[in-house]
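This report refers to the structure that appears directly beneath it.
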Amino acid sequence: MRRHRLIVGNWKMHKTIPEAVDFLGQLTELLTRGEYEPSTGVKVVIAPPFTALSAVAAALGTLPFLLGAQDLHWEDQGAFTGEISGGMLADIGCRYVIVGHSERRRYFGDTDGIVQKKAAAALRHGLHPIVCIGESLDQRLSGQTEHLLSTQLTESLAAVSKEQAQDVVIAYEPVWAIGSGHPATPEQAHDAHRHIRTLLIALWGEDAGERVPILYGGSVVPENTRNLLVTPYIDGALVGGACLNPVLFAKILAVAGSLN
Ligand code: PGA
47 MRRHRLIVGN
57 WKMHKTIPEA
67 VDFLGQLTEL
77 LTRGEYEPST
87 GVKVVIAPPF
97 TALSAVAAAL
107 GTLPFLLGAQ
117 DLHWEDQGAF
127 TGEISGGMLA
137 DIGCRYVIVG
147 HSERRRYFGD
157 TDGIVQKKAA
167 AALRHGLHPI
177 VCIGESLDQR
187 LSGQTEHLLS
197 TQLTESLAAV
207 SKEQAQDVVI
217 AYEPVWAIGS
227 GHPATPEQAH
237 DAHRHIRTLL
247 IALWGEDAGE
257 RVPILYGGSV
267 VPENTRNLLV
277 TPYIDGALVG
287 GACLNPVLFA
297 KILAVAGSLN
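Going by our numbering, the sequence shown opens with residue 47, and the numbers climb by one from there.
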């Protein structure tokens with residue numbers, strides 16, 4: 047089955063509002079010079095920090111990009127100081143939300159159980175959860191990658207029904223590849239993505255399981271985008287560092303667009 051390509055830019059804790067607006071201005075200029083054809087079937091999501099969401103929504107102008115957030119709380123409202131709900135994100139125009147990023151798991155204690163509740167909350171508010179899973183270097187070296195991916199995936203998705211599956215995105219992000227300059231090889235990514243696809247089909251059946259896009263994330267740059275995206279089972283990319291630079295992000299989009 048041919049799934050559309052999806053490129054997600056995760057800004058993490060970067061860019062003030064003026065920086066965000068400046069970035070969008072530069073990106074628009076680069077893209078409208080013809081390096082990127084929005085009609086190529088590549089969906090693009092930008093996930094700025096919460097504080098820049100509305101400025102980015104406004105600055106997108108004619109770019110057909112969608113807005114994403116980097117996290118949400120699992121409750122709809124209440125006494126949760128400092129948190130943001132799915133309803134608030136939908137309200138500001140978000141369509142996607144990243145859940146279970148390894149930085150959330152590592153620094154903020156997000157467990158698979160919490161990711162499960164966050165994915166469910168996203169779906170309740172009409173948001174596409176981008177559920178991140180991935181092994182550490184130790185886990186890879188000790189041969190636990192497949193087992194770890196199975197556990198993370200099944201626990202994180204336990205509250206998602208087969209009918210809701212079409213709204214879910216999975217991101218395979220090996221922890222050792224994130225921000226390291228050492229991406230997974232296309233072979234390593236292929237094997238992990240194939241395993242994830244098998245798990246999704248086991249969970250939701252052939253039809254629903256085939257529909258879910260699986261993104262690769264971890265040191266994606268323009269130079270490796272092609273080799274990763276032409277790899278079977280890889281439907282797109284979750285980009286961190288390189289998405290902060292308009293030239294690099296435009297190049298990644300151009301490569302992704304040229305493959306369709
Ligand atoms: P990176 O980050 O592209 O900087 O490795 C990816 C991510 O954390 O989503």
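Quick reminder that beta carbons are idealized off the backbone N, C-alpha and C, glycines included.
Residue i and residue j closer than 8 Å at C-beta
i, j, result
"V214", "V177", "yes"
"L275", "A235", "no"
"A136", "H171", "yes"
"L52", "K89", "yes"
"G155", "P220", "no"
"P229", "A238", "no"
"F111", "H119", "no"
"V67", "A101", "yes"
"T191", "Q198", "no"
"Y218", "I247", "no"
Coarse secondary structure for residue i, derived from DSSP in three states
i, result
"I242", "helix"
"Y153", "helix"
"I160", "helix"
"P175", "strand"
"V91", "strand"
"G287", "helix"
"V301", "helix"
"R272", "helix"
"R49", "coil"
"I280", "coil"
"G133", "helix"
"G146", "coil"
"V293", "helix"
"G71", "helix"
Residue i versus residue j: straight-line alpha-carbon distance, rounded
i, j, result
"G287", "S265", "7 Å"
"I242", "S188", "19 Å"
"E121", "E149", "21 Å"
"T200", "E75", "42 Å"
"A166", "V206", "7 Å"
"G124", "T78", "43 Å"
"E256", "D281", "11 Å"
"G303", "K208", "30 Å"
"F69", "Q212", "32 Å"
"L109", "R152", "34 Å"
"A307", "D117", "The requested residue 307 does not occur in the structure, where the chain is confined to residues 47 to 306."
"K61", "L249", "38 Å"
"A300", "V285", "14 Å"
"L73", "R272", "20 Å"
"R182", "N56", "The question names Arg, yet the displayed sequence has Ser at residue 182. Their Cα atoms are separated by approximately 20 Å."
"V258", "G251", "11 Å"
"A105", "P292", "14 Å"
"G107", "G71", "9 Å"
Option in the options with minimal Cα separation from residue i
i, options, result
"G309", "R257, A283, A165 and G255", "Nothing in the structure corresponds to residue 309, since the chain is present only between 47 and 306."
"A168", "E192, Q185, S196 and S202", "S202"
"S196", "A125, D158, V143 and G227", "D158"
"G139", "Q185, V91, A125 and R152", "V91"
"T244", "R272, S226 and Y279", "Y279"
"P268", "L249, D68, I260 and C289", "C289"
"R141", "V54, P232 and R272", "V54"
"N270", "L294, A204 and P259", "L294"
"G128", "H50, N291 and T97", "T97"
"G87", "R49, A93, M59 and E65", "R49"
"M134", "V145, A115 and H147", "A115"
"P94", "K164, K58, G225 and L106", "K58"
"V145", "S131, K164 and G251", "K164"
"I63", "Q72, L99, L73 and N56", "L99"
"P232", "G225, R240 and I216", "R240"
"Q210", "D253, I298 and I130", "D253"
*In chain order, which continuous runs of the beta strand (DSSP E) of length 3 or greater are located wholly inside the region 95-131?*
You should have 112-115.
*Every unbroken alpha helix (DSSP H) within the region 188-254, with a cutoff of 4 residues, ordered by chain*: Note on the region 188-254: whole alpha helix (DSSP H) runs with a minimum of 4 residues are 191-202, in chain order.
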